[in-house]
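S.K.: Below is the structure I would like to discuss, written out as structure tokens.
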Amino acid sequence: MNRGTFVIRRVLLLIPTLLAIYTLTFLLIHSTPGGPWSQGDKPVPPLVMERLNAAYGLDQPLWKQYLTYLGNALQGDFGPSFSSRSRTVTDIIGDTLPVSLQLGFVAMVIAVLIGLTLGTLGAIRHNTTVDYVASFIAIFGISTPSYVVVSLLVLLLASTFGLVPTGGWNGIFSKEIIIPSLALALYPAAVLARYTRASMLDVMTTDYVRTARAKGLSERSVIVRHGIRNAMLPVITVAGIVFADVITGSFFVESIYSVPGLGRYFVSSISERDYPVILGTVLLFGAIISVMNLIVDLLYPLLDPRMRSA
Amino acid sequence: MVKGMENVETNPRMMAEVDRLFNAYAERQIDRRSLMKGILATGGAAALAMSMPRIVMGQTPDASPVAELYDGPLADEQVMRIPSREPTTMDPGVSFGADELVVFFNIFEGLTGVDQRTGEVVPRLAESWEENEDATEFTFTIRQDAMWSDGTPINAHDFVNSWRRVLDPNTLSEYLPAMYPILNAEAIVNGEMDLEDLGVEAVDDFTLRVQLEASTPYFPLLATTWTFNPVPLHVIESAGDQWVEAENIVSSGPYKMVEWNHDQSIILEINENYYGEKPTVTRGEIRLFEDPSTQAYIAFENDELDYAAPEGPDLDRVLADPELSSQLITFPLSNCFFVVVDTRDEFGSKKEFRQALYKSIDRETLTQSVLNGQFDSAYTVLPPDIPGHNPDAALTESDEEAVQLLADAGIDPASVNVSIVYQNSPARYATVCEYLQSRWQEVLGITVTLEPIEANTYIDWRASRETQPYNLYTGTWGSDFGDPSNWHNQNFTSQADHYRNHWQNEEFDSLCAEAASNTDMEAREEQYRQAEAILVEEAPIIPMYRTKAFRAVKPWVKDLALQPILSSVHFRYVKIAPRDS
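Chains as they are written, first to last, in our numbering: chain A, 2 to 311; chain B, 842 to 1422.
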């Protein structure tokens, strides 16, 4: 199978994947009790509810709502938002996705820098204090949930030392980016560190590294040109998935730090029964994760010549 | 003739329902949106308007309503920063009255408004009004100099068209029953009449005549509701649903919205075209949090906000810190939390038993230790701000007397096994009931079982106590207006029996009935004092504690006027002093 066919097949696979996601989500949200207008212990007046339902098509039979939304979504219309009346789902995604992407990107850069450094150090200083410290940081990062990290950072950096604000968003080049990006970066950094370390340990004992040493290369060249490069293969796989996680899984950090990103809507729309926003965000996140996986698969051959012929 | 709001008639059933909702709101069982929805469900927009408080709680609750205003130096930058949440809609004609209210109060005006310092209804876009003899028709004179923030004049036609728009099915107003007191409004909503039949008419550009379904003396108060605010139809025509976004919106109040960064902030600045005096604060920054009650205080502490309403652990911490607590405005809320006793019950039917329950509780320990000092002890039912409040009626707390009372009534404590029902949220209810249980078991030697029920099911549960038996449960009441009839006549007389304790006392009933229609205010108050004494002595309702409001305000914020209900920051009253002063 050549690469073209491979890509086309993978892209086509997106269609049934997203359709399954849509169908499952649609069924789940409509089988959850409650509705967008009836929160609290008293419903809105029946007449008002009837009108709202009619206006948003919620009085239609379910199969019809299913098809209508699907049809509109295919044309790029993800519907209105029930909880933010002057905006459509597309508006909300347009407002919030760039924020989540920027935050995710910064977090990922930090994660890669920290993760690769710690992992490599751990491997080449195997079983030394450096290795133990790096391992400790990695374990801390993996076992501490982001909402704890962000709360700790707020307490430390904002409340105690007053270095940065306690919340908010002001773009990538601002004080406000520090806490949420660090909080988001810790977990992927730890994951990358562990994979890098393990992979590096493997690679450093291979024959070609011994050969490289034997032909008199400096230790630095051995590590950079022969070690890290080959060790990156499994790391890249993980990094792609982790990046999708960072973008789509940032809701705790976004909520706690008041970052106006998509992650917040992903969660709040569920409690508000904001059906179109739920569907819109779930589909989008589904697409992001699928595409990230695809990109990872496409990157493989670039790094590993053996994959090119496979 | 501009009329005050005295002698407002109330519909007790409706008011009772509204009260229940306010209580639930005050207790955080429901959020403001649910509160408003519930009030609407009772058909009670009028009730809501009546519920608006008349007492202003300023920085010095004990001072006279028009306390001395700040007269010192002002900061160069008159900016005030407050927290809120992302509003669902910014359209007053559609809004249910949730998080957007804080913006409405600052950027929109109606015919009338509530002065936040005095709590009185004052003219806004109307400069005056007259009513006919039976208060079925009001004629408002609109200010000649009223205009939108884009300079377009506001006239009587704007009101007619805006009010019709609320009733228009396409507007999808969630608060349209607020308009029902207006002639034909309900018929229009039900599709029996046309929008043009609404009982509102622009006699000329500056005269608005409103006809009502029935005598509605409180209409000027009702007209302060956001639903009655005129909206800029000339903008809505071109911008559609998007008219509320910052790039389109024009407004009528002292401020205008210049930025709405969704999920981040809303920025208000002075409306240069406002007819009235320009406020001192030139810029209001409303920072949007997902949950201000837990997220805003830390930002307040970090000097990112000038105002916050701490709750829970934050409040515990603030109260424990002398410096932080000095920035706290605290005002009592007009309410009472009590235990309701079923007087049909084997033990509850005995006055001695009820008094023993009253006397064996140490309220100071309850409010100061168990509840961290965030509440006031209640020894009587009526709160201090309500005429008829009678501190002399309080029973003495005494373990010995309580034990003796049981003995006098021939009750063997070992044979008593009662349950106390309470709502499972807020968590405080459980804390309180656990304390009550331990006291009653220790002091009286009776057995008390705790029976939490889901908060959502509480209202139905209580209603079913009409026929079903119980022993004890926790109940609450909060004032909607400063009159004892709102308490005694509406809840505790045997006719009302709002709490289904099935308590009957002829003297109490007749005192309340006489007092309610007594025009001699002093004699009336005395009658209520006597009634209160009977209620406390008989103890079918055992008062426990009252809640307070806690608002953290930076010391440089001056003259902030806060109302206990619909409590919101109105920037127009505020002045910002220099930080070092």
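Using N, Cα and C, we set each Cβ at its ideal position, and we do this for glycine too. Keep in mind it's a predicted model, so treat the numbers as computed, not measured.
(1) Measuring CA to CA, which of B/Arg926, B/Gly1319, B/Ile1029, B/Tyr1340 is closest to B/Gln1309?
(2) Does chain A have any CB closer than 8 Å to the CB of B/Ile1108?
(3) Label A/Val8 either buried or exposed according to how many other C-beta atoms from any shown protein chain fall within 10 Å of its C-beta, with 16 as the threshold for buried.
(4) Starting from B/Asn1002, follow the beta strand (DSSP E) in both directions and report where the run begins and ends.
(5) Let me know if A/Pro166 comes out buried or exposed under the rule of 16 or more other beta-carbons within 10 Å of its beta-carbon.
(6) Using 8 Å as the limit for Cβ to Cβ distance, is A/Pro261 near chain B?
(7) Quick check on this structure: which residue in B/Gly1117, B/Asn1176, B/Met1034 has the alpha carbon closest to the alpha carbon of B/Thr1317?
(8) In angstroms with no decimal places, state the Cα-to-Cα distance between B/Ser1305 and B/Tyr1311.
(9) Taking its Cβ as the centre, do 16 or more other Cβ atoms sit within 10 Å of A/Phe174, making it buried, or is it exposed?
(10) Who are the near neighbours of A/Lys176 in its chain, counting only those whose CB is closer than 8 Å to its CB and skipping five residues on each side?
(11) A/Phe27 lies in the alpha helix (DSSP H); which residues open and close that run?
(12) Go ahead and pull the three-state DSSP assignment for B/Tyr1441.
(13) Kindly indicate which three-state DSSP category A/Thr64 falls into: helix, strand or coil?
(14) Tell me the start and end of each unbroken alpha helix (DSSP H) in the segment 66 to 136 of chain A that is at least 4 residues and wholly inside, in chain order.
(15) Would you list the one or two residues that DSSP bridges to B/Ala954?
(16) Within 10 Å of its beta-carbon, does A/Thr69 have 16 or more other beta-carbons around it, so buried, or fewer, so exposed?
(17) Excluding five sequence neighbours on each side, which residues of the same chain lie with their C-beta closer than 6 Å to the C-beta of B/Gln1136?
(18) Let's test the definition: count the other Cβ atoms within 10 Å of the Cβ of A/His127 and tell me whether it reaches 16, buried, or not, exposed.
(19) Is B/Asp1104 close to chain A? Criterion is C-beta to C-beta, closer than 8 Å.
(20) Can you tell me which residues form a DSSP beta bridge with B/Ile1127?
(21) If you measure from the beta carbon of A/Ser251 to each beta carbon in chain B, is any gap under 8 Å?
(22) Locate the beta strand (DSSP E) running through B/Met1385, then write down its first and last residues.
(23) I'd like to know whether the C-beta of B/Glu1088 is nearer than 8 Å to at least one C-beta of chain A.
(24) Under the assumption that B/Ile948 contacts B/Met1098 (Cβ atoms under 8 Å), give the Cβ distance between them as a whole number of angstroms.
(25) Is the Cβ-Cβ distance between B/Gln957 and B/Ala1402 less than 8 Å?
(26) Run down chain B in chain order and give the residues with a C-beta less than 7 Å from the C-beta of A/Ala159.
(27) Between which two residues does the alpha helix (DSSP H) harbouring A/Met201 extend?
(28) Rounded to whole angstroms, what's the CA-CA distance from B/Leu1169 to A/Ile290? Just pull it up for me.
(29) Taking just the CA atoms, how far does A/Gly123 sit from B/Ser1409?
(30) Going along chain B, which residues have a C-beta under 8 Å from A/Pro166?
(31) Starting from the beta carbon of A/Asp312, find every residue of chain B whose beta carbon is closer than 7 Å, and list them in chain order.
(32) Could one say the Cβ of A/Arg86 lies closer than 8 Å to chain B's Cβ atoms, at least one of them?
(33) What's the gap between the Cα of B/Ser1190 and the Cα of B/Ala1356?
(34) Please confirm if B/Met931 has its CB atom under 8 Å from at least one CB of chain A.
(35) If we count the other Cβ atoms within 10 Å of its Cβ and call it buried at 16 or more, is A/Arg273 buried or exposed?
(36) Under a CB-based cut-off of 8 Å, is A/Val110 close to chain B?
M.R.: Straight from the coordinates:
(1) B/Tyr1340
(2) no
(3) exposed
(4) B/Asn1002 -> not in any beta strand (DSSP E); alpha helix (DSSP H) instead, spanning 997 to 1008.
(5) buried
(6) yes
(7) B/Asn1176
(8) 10 Å
(9) exposed
(10) Leu164, Val165, Pro166
(11) 4 to 32
(12) Since the first and last residues shown for chain B are 842 and 1422, residue 1441 of chain B lies out of range.
(13) It should be noted that the sequence gives Trp, not Thr, for residue 64 of chain A. In the structure shown, A/Trp64 sits in a helix (DSSP, three-state: H, G or I).
(14) 90 to 125
(15) The question names Ala, but residue 954 of chain B is Gly in the sequence shown. Its beta-bridge partners are B/Val963.
(16) exposed
(17) Phe1130
(18) exposed
(19) yes
(20) B/Ile923, B/Ile1107
(21) no
(22) 1382 to 1394
(23) no
(24) 6 Å
(25) yes
(26) Asn1143
(27) 179 to 205
(28) 48 Å
(29) 56 Å
(30) Ala1140, Asn1143, Glu1145
(31) Residue 312 of chain A cannot be examined here, being either before or after the span of chain A that is shown, 2 to 311.
(32) yes
(33) 27 Å
(34) yes
(35) Checking the sequence shown, residue 273 of chain A turns out to be Glu, not Arg. The residue is buried, with at least 16 neighbouring Cβ atoms inside 10 Å.
(36) no
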